Amino acid sequence: MGAEIPRVTLNNGVAMPVLGLGVWQLRDGAEAETAVRWALDAGYRLFDTAKMYGNERSVGRAIRASGIPREDIFVTTKIWPSDFFNPEAAFERSLAKLDLGYIDLYLIHHPVDFIPGFRALRRRVWQLLEKKYESKRTRAIGISNYTIAQIRSVLAEGSIPPAVNQVRFNPFDYKKDLLAFCKTKNIAVESYSPLTRARRLNHPTIRKVAEAHARSSAQVLIRWALQHGTIVIPKSARRERIVENARVFDFELTPGEMVALDSLTHST
Ligand SMILES: NC(=O)c1ccc[n+]([C@@H]2O[C@H](COP(=O)([O-])OP(=O)(O)OC[C@H]3O[C@@H](n4cnc5c(N)ncnc54)[C@H](OP(=O)(O)O)[C@@H]3O)[C@@H](O)[C@H]2O)c1
Numbered sequence: 002m003g004a005e006i007p008r009v010t011l012n013n014g015v016a017m018p019v020l021g022l023g024v025w026q027l028r029d030g031a032e033a034e035t036a037v038r039w040a041l042d043a044g045y046r047l048f049d050t051a052k053m054y055g056n057e058r059s060v061g062r063a064i065r066a067s068g069i070p071r072e073d074i075f076v077t078t079k080i081w082p083s084d085f086f087n088p089e090a091a092f093e094r095s096l097a098k099l100d101l102g103y104i105d106l107y108l109i110h111h112p113v114d115f116i117p118g119f120r121a122l123r124r125r126v127w128q129l130l131e132k133k134y135e136s137k138r139t140r141a142i143g144i145s146n147y148t149i150a151q152i153r154s155v156l157a158e159g160s161i162p163p164a165v166n167q168v169r170f171n172p173f174d175y176k177k178d179l180l181a182f183c184k185t186k187n188i189a190v191e192s193y194s195p196l197t198r199a200r201r202l203n204h205p206t207i208r209k210v211a212e213a214h215a216r217s218s219a220q221v222l223i224r225w226a227l228q229h230g231t232i233v234i235p236k237s238a239r240r241e242r243i244v245e246n247a248r249v250f251d252f253e254l255t256p257g258e259m260v261a262l263d264s265l266t267h268s269t
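Numbering (our numbering), first residue to last: 2 to 269.
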């Protein structure tokens, strides 16, 4: 059993673990179920799925089978744009597939500015999320891939502010302004693709920092995102990496290392 992962309090008072398992690309069935079980054993309590990932059923099944009290677990799922025309049915389908009684965080997966009439659609979808929150079917609601301008419109048009904005966030995509804006609005930023989808783990700056701490590049990237105050959801299908990715609460990057990593956004 891994050590307890700290939690952050969202703007509605709900506590959310600062580190979780992303499950995109884990195949529905044995692969997803096993990864979730390994993660639970390693101390993970946050799981990030989506209708689009096609593995909500497996995530729910592994959690139920664990016997861990439901209230200790935090499950995020998301509505995909193709369901924007019938968000009620999409929500109910996700809830039924997970079969965990309620959802912890329900996100609009993408703002889709390319769909005709998207503004009115997005407003309607957000209203549905507010309704589900008010009826306690989900403990928090939020957005994903939203820019500052798009967040402003949710805040202006809705009656409940988003608790979370989940965006790609790693040293090669350091969204400094978005992070600062979300902080002023008390919206938590959640980092997806924190490991650069494993594409940049051998970058010399990351390697150097990793060597200085006798840690892996993945652990350094997770620390970087945590030290920026974000919630981090690395994905892995391998037990040893799932364990490794959670061992990030016993070391700290220096301010100089943070600056060096921040500056990778402008490098190639
Ligand atoms: N909201 C959105 O639009 C959106 C978009 C993308 C992702 N997400 C969420 O964010 C989660 C994470 O992002 P991601 O899946 O794009 O990428 P990621 O977590 O940055 O990287 C995952 C990749 O890193 C590898 N990996 C994991 N741990 C490692 C380690 N310790 N050492 C070396 N390689 C390691 C994995 O391989 P193995 O599996 O083989 O270990 C996989 O190839 C997703 O699963 C999903 O939940 C959300």
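A virtual CB, placed ideally from N, CA and C, is assigned to each residue, including glycine. The structure presented is a predicted model; accordingly, all values stated were derived computationally and were not measured.
Inset, instruction - Identify whether residue 83 lies in helix, strand or coil by the three-state DSSP scheme. - result: Stepping through the sequence shown from its first residue, residue 83 is reached at position 82. Residue state, collapsed to three classes: helix.
Inset, instruction - Would you identify the three-state DSSP class for residue 6, choosing helix, strand or coil? - result: The residue you call residue 6 lines up with position 5 of the sequence shown. Here residue 6 sits in coil by DSSP.
Legend entry - residue 24: CB within 7 Å of a non-hydrogen atom of ligand 1: On the sequence shown, residue 24 is found 23 positions in, with the first residue counted as 1. Checking the Cβ of residue 24 against ligand 1 gives yes.
Inset, instruction - Would you mind stating whether residue 36 and residue 27 have Cβ atoms separated by less than 8 Å? - result: Here residue 36 refers to the residue found at position 35 when the sequence shown is read from its first residue. Here residue 27 refers to the residue found at position 26 when the sequence shown is read from its first residue. Cβ atoms of residue 36 and residue 27: closer than 8 Å.
Legend entry - Proximity test, residue 151 beta-carbon vs ligand 1 heavy atom, cut-off 7 Å: For the purposes of this step, residue 151 is taken as residue 150 along the sequence shown, with counting starting at 1. No - ligand 1 has no heavy atom lying nearer than 7 Å to the Cβ of residue 151.
Legend entry - residue 79 vs residue 52 beta-carbon contact at 8 Å: What you label residue 79 is simply residue 78 of the sequence shown in a count that begins at 1. What you label residue 52 is simply residue 51 of the sequence shown in a count that begins at 1. Closer than 8 Å, so yes.
Inset, instruction - Can you have a look at residue 4 and say buried or exposed, based on whether 16 or more other CB atoms are within 10 angstroms of its CB? - result: Position 3 of the sequence shown holds residue 4. Classification of residue 4: exposed, given that the 10 Å Cβ count is below 16.
Legend entry - Straight-line gap, residue 167 to residue 144 (C-alpha atoms, nearest Å): As a working mapping, residue 167 is identified with position 166 in the sequence shown. As a working mapping, residue 144 is identified with position 143 in the sequence shown. Rounded to whole angstroms, residue 167 to residue 144 spans 6 Å at the Cα level.
Legend entry - Any non-hydrogen atom of ligand 1 closer than 7 Å to residue 236 Cβ: Indexing the sequence shown from 1 puts residue 236 at position 235. Checking the Cβ of residue 236 against ligand 1 gives yes.
Legend entry - Delimiting residues of the beta strand (DSSP E) encompassing residue 164: Within the sequence shown, numbered from 1, the residue matching residue 164 stands at position 163. First-last for residue 164: undefined, no H or E at that position.
Inset, instruction - Return yes when the C-beta of residue 105 is under 7 Å from any heavy atom of ligand 1, and no when it is not. - result: As a first step, residue 105 must be located in the sequence shown, where it is residue number 104. Because no heavy atom of ligand 1 lies under 7 Å away, the Cβ of residue 105 does not count as near it: no.
Inset, instruction - Would you verify that the beta carbon of residue 101 is, or is not, closer than 8 Å to some beta carbon of chain B? - result: Protein chains in the displayed structure number just one, and chain B is not present.
Inset, instruction - Ignore the nearest five residues each way along the sequence and tell me which others in residue 33's own chain have a CB closer than 8 Å to its CB. - result: One-based indexing of the sequence shown puts residue 33 at position 32. Here the set comprises 24, 27, 56, 59, 60, 63.
Legend entry - residue 83, buried or exposed, once every other Cβ within 10 Å from all chains shown has been counted against 16: Position 82 of the sequence shown, counted from the start, is the residue given in the question as residue 83. With fewer than 16 Cβ atoms within 10 Å of its Cβ, residue 83 is classed as exposed.
Legend entry - Range covered by the alpha helix (DSSP H) that runs through residue 72: Working through the sequence shown from its first residue, we reach residue 72 at position 71. Where residue 72 is concerned, there is no enclosing alpha helix (DSSP H), given that its DSSP letter is neither H nor E.
Legend entry - Member of 124, 106, 104 whose CA lies at the smallest distance from the CA of residue 112: Mapped onto the sequence shown, residue 112 falls at position 111. The option with the nearest alpha carbon to residue 112 is 124.
Inset, instruction - Taking all protein chains shown into account, decide if residue 85 is buried (16 or more other Cβ within 10 angstroms of its Cβ) or exposed. - result: As a first step, residue 85 must be located in the sequence shown, where it is residue number 84. Classification of residue 85: buried, given that the 10 Å Cβ count is 16 or more.
Inset, instruction - Quick one: using the 10 Å Cβ neighbour count with 16 as the cut-off for buried, is residue 133 buried or exposed? - result: Here residue 133 refers to the residue found at position 132 when the sequence shown is read from its first residue. Buried is the call here.
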